[in-house]
Structures are given as C-alpha cells and as structure tokens.
Ligand SMILES: [Fe+2]
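Residue numbers (the numbering used here): 1260 to 1571.
This is the structure in structure tokens:
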C-alpha cells in the first residue's frame, strides 16, 4: 500500500491551555506551545483554538510523488478538488491537500520515507509451563516514571455523513478497510499496516471521539493510565480492557475539552492483505473482548448530544 503512516492530527479546542497540560501529562513531548511529539513519530499532535472541539486536520505519509497524482485523480473521480503544493521546507516531492466534505477535516498526503520503530523489549512474561522471567521481579512492579506513548496510533471521528467520509478516505485517498460494522455505517480504516488508523462513525455532528497513543505493552497502558487517574480521577472514562476489533488493550481518559485519549497496545497488524479476512460485525458485537461495562458517555458524549439537540 502506498500510504504508510498516520503522521499527525490537529485538534481544535475552545481553551488550549488546560488541554496542553493534559497532553504533556499524557507523556507527549511539547516542542512548542500546542505542538507535541512522540518518541517514535516526531511531531504528531497540534492543538489549535476552535469554537468547539473537533478534528481539524490529519496528515498521512506516502511513498512517492506518483501516489499524490493517483490520489488527486481518484479524488477528482468522486468530485473532490485537491491542491498539489511543495512541502513547506521546499524539500521532498510535495504534498496533496484536500478537505473531507462531511466533517470539514483538512487532509494532506505527504511524501516521506517510511519510519522503522525501535523494537520494544521482549515481554518477560511467565505462563504455565513457560518460565521466561526467572529469579527476577517484573519490571512492571518496579518504581519508574510512567511509560510514555511511542507514537500516534489512530483517530476516531464522528461524521454527519459517514458514507461520504468513507468514500473520501477509501476511494479518494486509498485507505484500506480492515473491518466494518455495516449496521451502524462504521468502518475501521488503515493507512499503514496498523489494523486501524482511522475509524469513521456516524454522528449528528462532526467531532473527534478519540485519539489513541501506542504504548509498549499492556503494563505500559495500565501504569500510564493509572498515574493519570491517580492525579485526577475524573479523567477516567473506560478501561482497562481489550477491544474485540483490532485486538488492542485500551484505557480511555478524557481531556479537559471532552476529547477522549486512549492508551493502546498490541493492535492487530495487517501485512498481507490476502491473509487478512475483513469482518463485518453486527450490532450486538461487544466493543470489548473483556473489560468493564462500556460507559454510556463513551457511546454518546454529553456535549455531542447537546450539540445535536441544538444546545451549546
Ligand atoms: Fe481506539
């Protein structure tokens, strides 16, 4: 697949300062006010003032300039204009910009080399008949600073026209469908070998449901989230659990603007498109293979309900 990574997102919030503090505490590295990097992904989050919280922009890495031409032609076939420009630095082979019509999210494709992540240390986990960690305590119980995200994993957006959003990303830009929930019009999309980098779900208004941040393993998810919740219990949303679609461990927190932020690990990887079987899950499919009951707010955030009713 010519698309190879989710590079970054830009998120609009009414009050930037408290949200900046939240993402610093989440473990992101603030390069400049409102601009955050991860250990493996470079700059991946930008916070901008906006009348209400929403995803403003999304950037995707592609292999070469031909991929930009193909995407521009595919977008034109579905009636969407795009703009080809040089990269701001003046280097590289340029980028392609287009706006997703249903959500207003600005999307860019950028030519850049593929990144190779430094492998996480092998899990030293004992199991019946398989002793890997012998004569040593688990590193997970030793005092250490909370683990930090390795990179941006995915974003989930609500769209007032999820079919149009999906057409833009799949037919226009070349995202692949990994799994889908046709009964609710939701699709798990990828622009890399990650099971999903983007999920578009139907919603009465465009909004950012959550951003997800990749951690080394389940202990890192638990340690980091527990530290965030210890500092402010009101941040807790849902976790610890393991999703049924994508298989990832999860723990969701709430930022001061109301966006959810997920610590995630062990997401499915799709390297061979022929080997992966796309699943269509029904309405009764549980959101988690295991974990606490899903909170109502996760399914329908209060501020989104209020917006849909014509409130705030
Ligand atoms: Fe997620």
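Built from N, CA and C at the ideal position, the CB exists for glycine as well.
| query | To the nearest angstrom, how far is it from the Cα of residue 1462 to the Cα of residue 1419? | reply | 5 Å
| task | Report the residue ranges of all beta strand (DSSP E) runs contained in full by the segment 1422–1467; include only those spanning at least 3 residues, in chain order. | result | 1435–1440, 1445–1449 and 1457–1461
| Any heavy atom of ligand 1 within less than 5 Å of residue CB: hits in chain order | 1471 and 1521
| message | Between which two residues does the alpha helix (DSSP H) holding residue 1220 run? | response | In the structure as shown, the chain starts at 1260 and stops at 1571, and residue 1220 therefore has no counterpart that could be examined.
| task | For the alpha helix (DSSP H) containing residue 1277, list its first residue and its last residue. | result | In the DSSP assignment, residue 1277 falls within the alpha helix (DSSP H) that extends over 1275–1285.
| request: Would you check if the segment 1269–1288 and the segment 1407–1416 touch, i.e. whether three or more CB-CB distances between them fall below 8 Å? | output: With the cut-off at 8 Å, the segment 1407–1416 and the segment 1269–1288 touch.
| query | What residues in its chain sit with their C-beta under 7 Å from that of residue 1391, if we drop five residues either side in the sequence? | reply | 1383, 1384 and 1385
| task | Taking residue 1468 and residue 1519 to be in contact with their CB atoms under 8 Å, please state how far apart those CB atoms are, rounded to whole angstroms. | result | So it is a contact: roughly 6 Å between Cβ atoms.
| Neighbourhood of residue 1303 by C-beta, 6 Å cutoff - its chain only, sequence neighbours within 5 removed | 1267, 1297 and 1411
| task | Write down the C-beta distance between residue 1364 and residue 1450 rounded to the nearest angstrom, noting that I regard them as a contact closer than 8 Å. | result | Contact flag wrong, Cβ pair sits at about 14 Å.
| Under 8 Å between C-beta atoms of residue 1525 and residue 1506 | Cβ distance < 8 Å, so residue 1525 and residue 1506 count as in contact.
| said: So, for residue 1345: in the same chain, excluding its five sequence neighbours on each side, which residues have a beta-carbon less than 7 Å away from its beta-carbon? | reply: 1353
| message | Using the three-state DSSP reduction, which class does residue 1589 fall into: helix, strand or coil? | response | Summary: the structure shown does not reach residue 1589, with the chain confined to residues 1260 through 1571, and so no result is reported for it.
| Any chance the segment 1435–1442 sits against the segment 1477–1484, with 3 or more Cβ pairs inside 8 Å? | no
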